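Heads up: the structure comes next, in structure tokens.
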Amino acid sequence: MVALAELPAPAGRSFPIRTFPVARFLCRVLAVVAVLHLLLLGAPGRAAPSAGVPAGEIRIGVLAFLGADTTVVEWSPVVQHLQTALPGRKVRLALLDHQGLDDAVAAGTVDFVITNPGHYIELEARSGASRILTLDASPGRAPERSIGSAVITRADRQEVRAFDDLRGRRVAIVAREGFGGYQTVRRELASLGIDPERDFAELKTVGFPMSRVLEAVANGDADAGIVRACLLESRPEWATAFRVVGKRDEPGFPCATSTRLYPDWPLATLRHTSPTLAKAVAIALLAMAPDGNGMAWSVPADYQSVHEMFRELQIGPYANLREPTLMMLAERYWPWVAFLAVLLSAWILYTVRVEHLVHLRTAELHAALAVREALEARMRAGQEQADHLARLSVLGELSGTLAHELNQPLAAIGNYAESLRRRIDNGRLTGEAVREASSEISGQAERAAAILGRIRDFAKKRAAVREVVAPREMVGEAVALFRGMLGNAPAVEVTDELPPSTSVEVDSLQIQQVLLNLLKNGYDATRGFGPEQQRLIVTISRSDDNVRIVVRDFGTGLDAATRERLFEPFFSTKPDGLGLGLSICRTIAEAHRGRLTAEPTADGRGGAEFILSLPLSTAASSSAVHPSESRFANVPDR
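Laid out in structure tokens, this is it:
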């Protein structure tokens, strides 16, 4: 029983292009082995070749270019012969088009493929198909010179007689992947400089069966068509109704053809095909005697001519050789090009409009930023004025003791001058006494000048300037200024726990203003106490990425309610205080991305701690010095 059915075709898949340079050699070896087996096992028709062949179906996929009915009739002799030669095996044909056959090969639903030479070359490169036999269709047509194509037109149309006459005409084809139905003719046209996609008025695809091409030409839907050679000769009515264009003289070929001749259809195995089954099928078909239609099989023919055609056309396995030009792509995809051009024009118009709106918004933003910058400049000026007034306020509070502080060096200068005058009057003036007096007078004058210089630098008004400084240096300057302005200054103990390279990026004058306020507040909090409680402790340490400067006093301390409002503007614990000093100090700390807080002491000895936190500088300061090297390491207690 012969089973004829269409096997299900899987969804389309893509495959990488590969070539097999030794395929022809291996196939010829296989054919020789098959012939030897045939000779050794006996005459055709015996059951011996099927020995050892596993039971089951033999699934053969066939390209049905003439339609299902014609394909069944054409290949029935092959099916019947295999059924007889391989008893116990059921032979099933899958009648498919190009895509269906590709999908069946990819899904593994067929064991063998019978297709045209061009399609086989593509399957060989893409799916690893390997030919084991070549069809020997009829006497007078050698297997290696058996397939050509005929360009046909109606017999009553005389205006189309050569390939050049096809320019500007409508030409019907089965499909662009058709071998005998398009590709072989395309090679001949390319040799004449004719591009069907460019030079034909229309390349009309009608699909299988190939008789649709004849119908399109006969009905006037196309001026010419491309069919497989010998198709017209298969029916007398077709041979008289149509005429072959560009007929070639091919010796020994019984049909009219417009192209060169190529090998006949191969029978190919696939990667998953059992070698034992392939061997048995090859031996059985080699033993097949020509029937009434002259169908038989021979050893694999040389398909190099098909490879040459594909290489010239740069299709199939050689499609990667093709380098499409911009003009070719534009002509082929002109609707998309037009759509993209419209889209690009719309995008350009949209971009121009957006740019115009952006310019308008930018101008408005610049105006707003100018107003904001002017406002910020006025705010900075106001802040600088407030800082300056706060410094003057501190100096004003300390100025009561300034006269006493300056009176000491001035009195010493006066005493030494009077001593020199008395020695002159008594005639006891010596050079040694003059040098000693001059040295003391000079030293006291420098001391007074240093006090006035620090006060002048602190009091002058200037714009804020950030610089990288060592925290110990900055604290030492503030302590020296504080002690230099008081006649009976309390003891100030400075403890530096920082590494020598630690630095901060601050406005030194502003931070000294904060420290001077904290020292002054600590001094005010301990007035009236004994010397032990009047002392102040300044500790410099590091906490994470911050420098902590803690000013500790031993006064009466602060309750929780007072600490909550301590930094509010105009809040003060002093009867005559304005309540602006600590508020301005906190503003300065926050402007430096730091903090200023007040905390109770942890040791229970009374007093309060004011903590100034400043972020560390990312750059190392060359001016940072070790505490032991600072000129403020030991501030004298006077």
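So the numbering used here is basically just the index in the sequence shown, starting at one, shifted up by 419. Note that the Cβ used here is the ideal one computed from N, Cα and C, for glycine as well. Keep in mind it's a predicted model, so treat the numbers as computed, not measured.
For a quick check, are the C-beta atoms of residue i and residue j less than 9 Å apart?
i: PHE1029; j: GLY974; result: no
i: SER1036; j: VAL887; result: yes
i: ARG576; j: ASP642; result: yes
i: ALA703; j: LEU501; result: yes
i: ARG534; j: VAL481; result: According to the sequence shown, residue 534 is Thr rather than Arg. A contact, by the Cβ cut-off of 9 Å.
i: SER630; j: GLY519; result: no
i: ILE1072; j: GLY612; result: The structure shown does not extend to residue 1072, since the chain spans only 420 to 1057, so no value can be given for it.
i: VAL636; j: ILE571; result: yes
i: GLY599; j: SER568; result: yes
i: ARG550; j: LEU686; result: yes
i: VAL532; j: LEU748; result: no
For residue i, verify whether its CB is less than 8 Å away from any heavy atom of the ligand HEM.
i: LEU514; result: The ligand HEM is absent from the structure shown, which contains no ligands of any kind.
From the DSSP output, in three-state form, read off residue i for me.
i: GLU371; result: Residue coverage of the chain in this structure runs from 420 to 1057, which leaves residue 371 outside it and unanswerable.
i: GLY644; result: strand
i: GLU851; result: helix
i: TYR722; result: coil
i: THR489; result: helix
i: GLU896; result: helix
i: SER764; result: helix
i: GLU563; result: coil
i: ARG589; result: strand
i: GLY1000; result: helix
i: TYR752; result: coil
i: SER630; result: helix
i: LYS939; result: helix
i: HIS950; result: First, the amino acid is wrong: residue 950 is Pro here, not His. DSSP places PRO950 in helix when its eight states are reduced to three.
i: VAL579; result: coil
i: PRO890; result: helix
i: GLU837; result: helix
i: ASP915; result: strand
i: ILE613; result: coil
i: LEU623; result: Note on identity: in this sequence residue 623 is Lys, with Leu being the wrong assignment. Note: LYS623 maps to strand in three-state DSSP.
i: ALA709; result: As written in the sequence, residue 709 is Pro, which differs from the Ala given in the question. DSSP places PRO709 in coil when its eight states are reduced to three.
Quick check: the Cα distance between residue i and residue j, rounded to an integer number of angstroms?
i: ILE860; j: GLU837; result: 11 Å
i: ASP618; j: HIS691; result: 44 Å
i: GLU669; j: ILE566; result: 11 Å
i: ALA609; j: VAL491; result: 35 Å
i: ARG447; j: GLY587; result: With a pLDDT of only 43 at ARG447, under 50, the local geometry of the prediction cannot be trusted, and the value read off the model is given with reservation. Cα to Cα, ARG447 sits roughly 45 Å from GLY587.
i: GLY1025; j: ALA944; result: 11 Å
i: VAL756; j: SER764; result: 12 Å
i: LEU985; j: ARG1005; result: 10 Å
i: THR678; j: ALA544; result: 25 Å
i: GLN835; j: PRO909; result: The sequence given here has Tyr at residue 835, not Gln. Their Cα atoms are separated by approximately 29 Å.
i: LEU622; j: ARG605; result: 12 Å
i: GLY850; j: LEU829; result: 23 Å
i: ARG961; j: VAL923; result: 11 Å
i: ALA424; j: LEU514; result: For ALA424, the pLDDT reaches just 39, beneath the cut-off of 50, and the residue's location in the model is therefore unreliable, leaving the point undetermined.
i: LEU935; j: ASP978; result: 23 Å
i: ALA787; j: LEU794; result: 11 Å
i: SER693; j: VAL524; result: 14 Å
i: VAL700; j: HIS517; result: 24 Å
i: ILE930; j: ARG854; result: 42 Å
i: GLU1009; j: SER858; result: 47 Å
i: ARG982; j: VAL894; result: 24 Å
i: ALA719; j: ILE592; result: A quick correction: the sequence has Pro, not Ala, at residue 719. The alpha-carbon atoms of PRO719 and ILE592 are separated by roughly 29 Å.
i: ARG780; j: LEU768; result: 18 Å
i: SER717; j: LEU650; result: 23 Å
i: HIS662; j: TYR722; result: The sequence shown places Arg at residue 662, not His. Each residue's alpha carbon lies about 29 Å from the other.
i: TRP766; j: PHE758; result: 12 Å
i: ARG902; j: GLN802; result: 27 Å
i: GLU656; j: LEU505; result: 40 Å
i: VAL966; j: THR1016; result: 14 Å
i: VAL761; j: GLY639; result: 37 Å
i: VAL898; j: ALA789; result: 42 Å
In chain order, what residues of the same chain have a beta carbon less than 6 Å from the beta carbon of residue i, not counting five sequence neighbours either side?
i: GLU541; result: GLY735
i: VAL969; result: THR958, GLU1028, ILE1030
i: LEU740; result: GLN733
i: GLU476; result: LYS509, ARG511
Going along the chain, which residues of its own chain have a beta-carbon closer than 7 Å to the beta-carbon of residue i, five neighbours each way excluded?
i: ARG842; result: LEU848, ALA852
i: ASP972; result: GLY941, ALA944, THR945, LEU955, GLY1026, ALA1027
i: HIS775; result: none
i: VAL579; result: THR572, LEU585, ARG588, ASP642, ALA643, VAL664
Using a C-beta cutoff of 9 Å, does residue i count as contacting chain C?
i: GLU892; result: Checking the listed chains, one finds no chain C in this structure; it contains a single protein chain.
Query raised in the report: What are the complete beta strand (DSSP E) segments, minimum 3 residues, inside the region 501 to 559?
Result: 508 to 515, 531 to 533, 549 to 555
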